[in-house]
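Q: Sequence positions in the sequence shown follow our numbering and run 1133 to 1362.
Quick one: the structure is below, questions incoming.
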Amino acid sequence: MWTEQLLDQLLPRHCVLCGLFSGVENLCPPCAAELPYNRSACALCGLSLPAQPNRVCGACLKKPPPWDAVVAGLQYQFPVDQLVCRFKYQRNLACGQALGSALLKAIQQRNGPLPQAIVPVPLHRSRLFGRTFNQAQMLAQQLSRRLKIPLEYSLLRRIRRTRAQSGLDSSQRRKNVRGAFDCRQHGLKHVAIVDDVLTTGRTLEECTHSLKRAGARSVTAWVAARAAHH
Ligand SMILES: [Zn+2]
Ligand SMILES: [Zn+2]
1133 MWTEQLLDQL LPRHCVLCGL FSGVENLCPP CAAELPYNRS ACALCGLSLP AQPNRVCGAC
1193 LKKPPPWDAV VAGLQYQFPV DQLVCRFKYQ RNLACGQALG SALLKAIQQR NGPLPQAIVP
1253 VPLHRSRLFG RTFNQAQMLA QQLSRRLKIP LEYSLLRRIR RTRAQSGLDS SQRRKNVRGA
1313 FDCRQHGLKH VAIVDDVLTT GRTLEECTHS LKRAGARSVT AWVAARAAHH
């Protein structure tokens, strides 16, 4: 594992978007500069809120999500959708690292209180073996290493199989993931839950409820990209 990381740092890289030489980074400076960063967004749902950076939008004032804060690094639009797709389905780790770096930058810029542990949204065992790749866990690992915060990948478990959320509407998604997660009791007050994309938030809602039932007082959602859904 460490040799892999060492080689990773020694080998010159090529930008995952344009293919040009990119030094030790996964994106060249111009491509990195042009990403749709989610700089001005609602502090609770992560949707773009240009007039009031880091404030709460009207929808969240009326009906706040169960988590206490969200950090979304990017907006889920071109070319972020391509990075996510290549990371998730083609297991392109360089794309995953580029997404993780954008999220890390957003977390550091937010400068809020850091959690005691980082928890990835779990895949069900059967899916984990089928795909052998949990993109949320890869992102969580990267953040854990860079922020020096422990990764708790077995705290939260998916206890039943669920259909993929894509293609389902909001209420179908809620039904699909209801009761899907189980969390063991823990003494952690503040936990960050990590996923690649936040769309309707149904999965993160279920995870947050499980973490809070098991003792967390505060849950922060960290997502690489925020998709606007209507
Ligand atoms: Zn580039
Ligand atoms: Zn909001």
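For glycine and all other residues, C-beta sits at the position ideal for the given N, C-alpha and C.
(1) Closest to Arg1218 by CA distance: which of Asp1200, Val1351, Asp1328, Leu1287 is it?
(2) Ordered along the chain, which non-local residues of its own chain (more than five positions away) have a Cβ less than 6 Å from that of Arg1334?
(3) Could you check whether the Cβ of Val1351 sits closer than 8 Å to any heavy atom belonging to ligand 2?
(4) Mind reading off the beta-carbon distance from Leu1255 to Asn1266? Whole number of angstroms is fine, and I expect it under 8 Å.
(5) So does the segment 1315-1322 actually touch the segment 1338-1348, counting three or more Cβ pairs closer than 8 Å?
(6) Check each candidate in His1341, Gln1269, Ser1342, Leu1336 and name the one with the smallest Cα separation from Val1202.
(7) Hey, would you say Leu1271 sits closer than 9 Å to Gly1299, going by beta carbons?
(8) For Lys1194, which residues of its own chain have a beta-carbon under 7 Å away from its beta-carbon, when the five flanking residues on both sides are left out?
(9) Going by C-alpha to C-alpha distance, which of Pro1282, Ala1360, Ala1353 sits closest to Ala1238?
(10) When you measure from the CB of Pro1162 to every non-hydrogen atom of ligand 1, does any distance come out below 8 Å?
(11) Would you kindly check if the distance between the Cβ of Leu1330 and the Cβ of Val1351 is under 9 Å?
(12) Ala1191 by DSSP, collapsed to three states: which one?
(13) For Gly1155, which beta-bridge partners are listed by DSSP?
(14) Using a 10 Å radius around the Cβ and a threshold of 16 neighbouring Cβ atoms, would you call Arg1358 buried or exposed?
(15) Compute the beta-carbon to beta-carbon distance between Leu1176 and Val1188, rounded to the nearest angstrom, for a pair I have assumed lies under 8 Å.
(16) Using a threshold of 8 Å, is the CB atom of Gly1151 nearer than that to any non-hydrogen atom of ligand 1?
(17) Nearer than 8 Å: is that true of the beta carbon of Leu1159 relative to any heavy atom of ligand 1?
(18) From this set, Ser1302, Ser1303, Glu1338, Ala1324, which residue's C-alpha is nearest Ala1312's C-alpha?
(19) Candidates Cys1147, Trp1199, Asp1314: which alpha carbon is nearest Pro1247's?
(20) Would Leu1275 and Val1216 qualify as a contact pair, given that the criterion is a beta-carbon distance under 9 Å?
(21) Are the beta-carbon atoms belonging to Gln1163 and Leu1149 less than 9 Å from one another?
(22) Cβ-heavy atom distance between Leu1330 and ligand 2 below 8 Å?
(23) If you run the structure through DSSP and keep just helix, strand and coil, what is Gln1317?
(24) Could you tell me the distance, in whole angstroms, from the CA atom of Ala1165 to the CA atom of Pro1182?
(25) Please give me, in chain order, every unbroken run of the alpha helix (DSSP H) with length at least 4 that falls completely inside the segment 1160-1239.
A: Result, derived from the coordinates:
(1) Taking the first residue of the sequence shown as 1, we reach residue 1218 at position 86. Answer by Cα proximity: Asp1328.
(2) Taking the sequence shown and counting its residues from 1, one reaches residue 1334 at position 202. Result list for Arg1334: Arg1305, Arg1306, Val1309, in chain order.
(3) Counted from its first residue, the sequence shown places residue 1351 at position 219. False, no ligand heavy atom lies under 8 Å from that Cβ.
(4) The sequence position of residue 1255 within the sequence shown is 123, counting from 1. The sequence position of residue 1266 within the sequence shown is 134, counting from 1. Correct: roughly 5 Å between the Cβ atoms.
(5) The segment 1315-1322, when compared against the segment 1338-1348, does touch it at the 8 Å Cβ threshold.
(6) For the purposes of this step, residue 1202 is taken as residue 70 along the sequence shown, with counting starting at 1. The shortest C-alpha separation from Val1202 is found at Leu1336.
(7) The residue given as residue 1271 occupies position 139 in the sequence shown. The residue given as residue 1299 occupies position 167 in the sequence shown. Contact flag unset, no.
(8) On the sequence shown, residue 1194 is found 62 positions in, with the first residue counted as 1. Answer for Lys1194: no residue qualifies.
(9) Stepping through the sequence shown from its first residue, residue 1238 is reached at position 106. It is Ala1353 whose Cα lies nearest to the Cα of Ala1238.
(10) Here the question's residue 1162 lines up with position 30 in the sequence shown. Yes, the Cβ of Pro1162 comes within 8 Å of a heavy atom of ligand 1.
(11) Along the sequence shown, read from residue 1 onward, the residue named residue 1351 stands at position 219. Along the sequence shown, read from residue 1 onward, the residue named residue 1330 stands at position 198. It is not a contact, given that the beta carbons lie outside the stated cut-off.
(12) One-based indexing of the sequence shown puts residue 1191 at position 59. The answer is helix: DSSP assigns Ala1191 an H, G or I state.
(13) On the sequence shown, position 23 is the one that residue 1155 refers to. According to DSSP, which records beta bridges pairwise, Gly1155 is partnered with Arg1145.
(14) Within the sequence shown, residue 1358 is the residue found at index 226, counting from 1. Label assigned to Arg1358: buried.
(15) As a position in the sequence shown, residue 1176 is number 44, starting the count at 1. As a position in the sequence shown, residue 1188 is number 56, starting the count at 1. Yes, Leu1176 and Val1188 are in contact; Cβ-Cβ is about 5 Å, under 8 Å.
(16) Stepping through the sequence shown from its first residue, residue 1151 is reached at position 19. Because some heavy atom of ligand 1 lies under 8 Å away, the Cβ of Gly1151 counts as near it: yes.
(17) Here residue 1159 is taken as the residue at index 27 of the sequence shown, counted from 1. Indeed, a heavy atom of ligand 1 lies less than 8 Å from the Cβ.
(18) For the purposes of this step, residue 1312 is identified with residue 180 of the sequence shown, where counting begins at 1. When only C-alpha atoms are compared, the closest one is Glu1338.
(19) The residue labelled residue 1247 in the question sits at position 115 within the sequence shown. For Pro1247, the nearest C-alpha among the options comes from Trp1199.
(20) As a position in the sequence shown, residue 1275 is number 143, starting the count at 1. As a position in the sequence shown, residue 1216 is number 84, starting the count at 1. In this structure, Val1216 does not lie closer than 9 Å to Leu1275 by Cβ.
(21) In the sequence shown, residue 1163 corresponds to position 31, counting from 1. In the sequence shown, residue 1149 corresponds to position 17, counting from 1. For the record, residue 1163 in the displayed sequence is Cys; it is not Gln. For Cys1163 and Leu1149, yes; Cβs fall inside 9 Å.
(22) Reading the sequence shown from its first residue, position 198 is the one you call residue 1330. Not under cutoff, so the answer is no.
(23) Against the sequence shown, residue 1317 aligns to sequence position 185. It is coil, neither helix nor strand.
(24) The residue you call residue 1165 lines up with position 33 of the sequence shown. The residue you call residue 1182 lines up with position 50 of the sequence shown. Roughly 19 Å between the two C-alpha positions.
(25) Counting whole runs of 4 or more residues, the segment 1160-1239 contains the alpha helix (DSSP H) stretches 1161-1166, 1190-1194, 1212-1221.
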